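Visitor: In terms of my numbering, the sequence shown is numbered consecutively and its last residue is 639.
We put the beta carbon where it would ideally sit given N, CA and C, even for glycine.
From a predicted model like this one, the values you see are computed outputs, not experimental measurements.
Sharing a structure with you now.
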Amino acid sequence: MKRICCLKGSPRKNGNTNTLTAVVTERLREAGVGIDEFSLYDMNIQGCRACRWCQKDWTKISCIMNDDMQQIYDSITNSDLVLLSTPIYCWYCTAPMKAAMDRMAYAPNMFYGDAIGPALWAGKSTALITTCGYPPEKGADLFQEGLRRITKHSGMHYRGMLCERQRNLHDPFMDDEKRAHAEAFADDILGWLGV
Ligand SMILES: Cc1cc2nc3c(=O)[nH]c(=O)nc-3n(C[C@H](O)[C@H](O)[C@H](O)COP(=O)(O)O)c2cc1C
């Protein structure tokens, strides 16, 4: 069974990003993909302290901080794709997602110890679901580029982004066009996974 680790970084349970993401995950589950979903605002994820304890053991992704990040490391280890889902805040992701990304930049990548070692998540894929107020090319471009770079830095494959805009806070976000885009993105993911 193909598996996805889905990190959800929106504080709004029924907000735009989670609504869009649910269309994608529902279609993936229907196709038989196993998905671990993590709502980062409900979790205890501390910021990286740059102590480099994670660099000692090259056999597993680990961190000296005993918080909820370990569940995410375990899921990443067992997954083919890491799917990030976040609204854009100040042209990047939300704060809990940034904390998780910092923790993912160090702990799986054995580049920062006394000797250079492997990236323990190399060969896996990343993809992005995001929503923003600006048009995607002006709202989500910087975060997409950040994710592209950490993906390349880690020897992984960046697969692509689904980005939808909410033009007006007073109008409903979801419509048939966005639903169709989300279903097509799910189909793309199935293609990347070879399902
Ligand atoms: C604190 C905050 C910062 C935001 N910063 C941006 C931004 O830099 N660029 C942008 O296009 N939209 C920005 N937005 C708009 C949100 O990205 C947009 O409304 C998004 O769809 C909200 O998703 P949600 O319903 O999942 O919370 C911001 C919203 C908030 C609350």
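1. Looking at C-beta atoms only, is the number of pairs between the region 484 to 499 and the region 445 to 461 that lie closer than 8 Å three or more?
2. May I ask you to report which of helix, strand or coil DSSP gives Val-526?
3. Given a threshold of 16 other Cβ atoms within 10 Å of its Cβ, counted over all protein chains shown, does Asp-501 qualify as buried or as exposed?
4. Does DSSP put Thr-570 in a helix, in a strand, or in coil?
5. Kindly give me the distance between the Cβ atoms of Ala-551 and Cys-507, rounded to whole angstroms, as I take these residues to be in contact under 8 Å.
6. Hey, would you say the C-beta of Gln-610 is under 7 Å away from at least one heavy atom of ligand 1?
7. Roughly how many whole angstroms lie between the Cα atoms of Arg-496 and Ala-549?
8. By alpha-carbon positions, which one of Tyr-602, Gln-490, Cys-534 and Ser-529 ends up nearest to Asp-480?
9. Ignoring anything shorter than 4 residues, give me the alpha helix (DSSP H) runs that lie fully in the region 535 to 603, in order along the chain.
10. Considering Cα atoms alone, identify which of Gln-610, Ala-624 and Tyr-556 is closest to Tyr-408.
11. Taking the C-alpha atoms as reference points, what is the distance between Asp-518 and Ile-505?
12. Hey, does Asp-615 have any beta-carbon neighbour from chain B nearer than 8 Å?
13. Does the beta-carbon of Pro-552, which I'm using as the reference point, lie nearer than 7 Å to any heavy atom of ligand 1?
14. What do you reckon, are the CB atoms on Lys-568 and Met-600 nearer than 8 Å?
Guide: With the structure as the only source:
1. yes
2. strand
3. exposed
4. strand
5. 5 Å
6. yes
7. 12 Å
8. Ser-529
9. 539 to 550, 580 to 583 and 585 to 597
10. Because the chain spans 445 through 639 in this model, residue 408 falls outside it and cannot be assessed.
11. 8 Å
12. In the structure shown, chain B cannot be found, because there is only a single protein chain.
13. no
14. yes
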